[in-house]
Amino acid sequence: MDYVTVLQEGTVEIFETMVMLPIVLQRVTEHSDSTLTDARVTGMIGFGGTIKGMIGVSATADMAKIVTGSLLGMEIAHLDDDVKDAFGEIANMIAGALKSACGENGIDIDLAIPNSVVGDCLHISGLRGAKRVVLEFSASAGKLWIELKYLEA
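Residue numbers for the sequence shown follow full-length UniProt numbering, so the first one is 1 and each next one is one higher.
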């Protein structure tokens, strides 16, 4: 199954329909470990089943505030609990797109409860030996990264 295409199409659709913000895929990288130096917010959700792993949705501060403001219909001045909640929900929606595509391909996964974090130079680690793919998107508001770490059974 082509996880990159599923994540790309799911993310673009979610941002067009729910956030009302067009985003463009800039690049896809596959590597085992790195730090997203420009990211200030990350929403994460784990999953288990035939494959196990996590999806992270990270953004620059400006992008995070604009995305959250669009979802909530209000201006966001700070990286607060509303931003963390919004990014947890976006991670949940993107994971839902992955779960749906997996189900169509006979791959069973169950989603965990999303969580989020705000900070500088965010580094997500875990799942020793997992494959890691990062999709970098851009928009007028800033950058967004979708990270998939997974282990296949």
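Positions of the beta carbon are idealized from the N, C-alpha and C atoms, including for glycine. Remember, predicted model here, so these are calculated numbers, not experimental data.
Asked	Found
Minimum C-alpha distance to residue 15 - residue among 130, 109, 64	64
Helix, strand or coil at residue 66 [DSSP, three-state]	helix
Exposed unless 16 or more other CB atoms sit within 10 angstroms - verdict on residue 114	buried
Own chain partners of residue 51 with C-beta closer than 8 Å, once the 5 adjacent residues on each side are dropped	102, 107, 109, 150, 151, 152, 153
Three-state class that DSSP yields for residue 152 in the structure shown	strand
Where residue 44 falls, given that 16 or more other Cβ within 10 Å makes a residue buried	buried
Distance, residue 95 Cα to residue 132 Cα	15 Å
Element boundaries [alpha helix (DSSP H), containing residue 137]	No alpha helix (DSSP H) contains residue 137, which is instead part of the beta strand (DSSP E) from 131-139.
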